[in-house]
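Enquirer: First, the structure itself, so that you have it in front of you.
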Amino acid sequence: MEPIYHSWLGLPHIIGADPRNGEGACCLVMAKILLEDSGCPAPPIEHWVTLAEAGDWDPLRDAFYRHTEELPKPEPLALTLLENGEQGLGLGTVIPGQLLLVPLHRRGVSAIPLRALPADTTYHRVIPYV
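First residue of the sequence shown? That's 2 in our numbering, and the numbers climb one at a time after it.
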């Protein structure tokens with residue numbers, strides 16, 4: 002059986018979109034689905050989507066770092082915050098040997114090899130919250 006994210010590859014970027022409906026994908030929603038389906042804690046994505054829709058990048062960046070802790074190396078379902086300059090932020094999720102993301106310079110959800118990422122890429126685990 003193929004992992005759920007295989008059917009998401011190529012879906013266009015739409016902030017807040019649930020990729021399971023096949024219309025588009027949001028990096029934040031993809032991360033939440035993958036984390037929750039694996040029994041891992043997920044950050045408060047709904048609030049993060051609201052920040053992204055408003056272009057409130059600094060509060061979104063702060064929220065990411067407040068709800069995660071840095072890892073020494075990538076591990077399954079780790080998250081990485083992607084800086085996209087004036088276009089804001091993106092969120093990548095580690096899948097086996099790759100990073101699942103919605104790059105702004107390319108059309109649709111993609112998976113890129115972890116070895117292709119810059120050496121200074123940091124990976125984070127969600128801190129469980131109540």
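Ideal placement from N, C-alpha and C gives every residue a C-beta, glycine not left out.
#1: The beta strand (DSSP E) with Arg126 in it runs from where to where?
#2: Ignoring anything shorter than 3 residues or poking outside the region 67-119, list the beta strand (DSSP E) runs there in chain order.
#3: What's the gap between the Cα of Gly93 and the Cα of Leu100?
#4: Give the range of the alpha helix (DSSP H) segment to which Ile34 is assigned.
#5: May I have the straight-line CA-CA distance separating Trp49 from Met2, to the nearest angstrom?
#6: Is it the case that the region 103-122 contacts the region 49-62, given that we only count it when at least three CB pairs across the two stretches are under 8 angstroms?
#7: Among Leu10, Gly98, Gly25, Gly89, which residue has its Cα nearest to the Cα of Pro60?
#8: Can you tell which of Asp19, Arg62, Glu24, Arg67 has its C-alpha closest to the C-alpha of Pro129?
#9: Between Arg126 and Glu70, how many whole angstroms is the CB-CB distance? I'm expecting something under 8 angstroms.
#10: Tell whether a beta-carbon distance below 9 angstroms holds between Leu12 and Ala32.
#11: Have a look at Asp19 and Gly86 and give me their C-alpha separation to the nearest angstrom.
Expert: Reading off the structure:
#1: Counted as a single uninterrupted DSSP element, the beta strand (DSSP E) harbouring Arg126 occupies residues 124-127.
#2: DSSP runs (the beta strand (DSSP E)) wholly in the region 67-119: 69-72, 80-84, 90-96, 99-102, 111-114.
#3: Within the model, the alpha-carbon separation for Gly93 versus Leu100 is close to 6 angstroms.
#4: Where Ile34 is concerned, the enclosing alpha helix (DSSP H) stretches over 28-38.
#5: For Trp49 and Met2, the distance between alpha carbons rounds to 31 angstroms.
#6: No: fewer than three Cβ pairs fall under 8 angstroms.
#7: The shortest C-alpha to C-alpha distance from Pro60 to any of Leu10, Gly98, Gly25, Gly89 is the one to Gly89.
#8: Checked all of Asp19, Arg62, Glu24, Arg67; the closest Cα to Pro129 is Arg67.
#9: Right, the Cβ-Cβ distance comes to about 6 angstroms (below 8 angstroms), so this counts as a contact.
#10: In this structure, Ala32 does not lie closer than 9 angstroms to Leu12 by Cβ.
#11: So the alpha carbons of these two residues sit roughly 25 angstroms apart.
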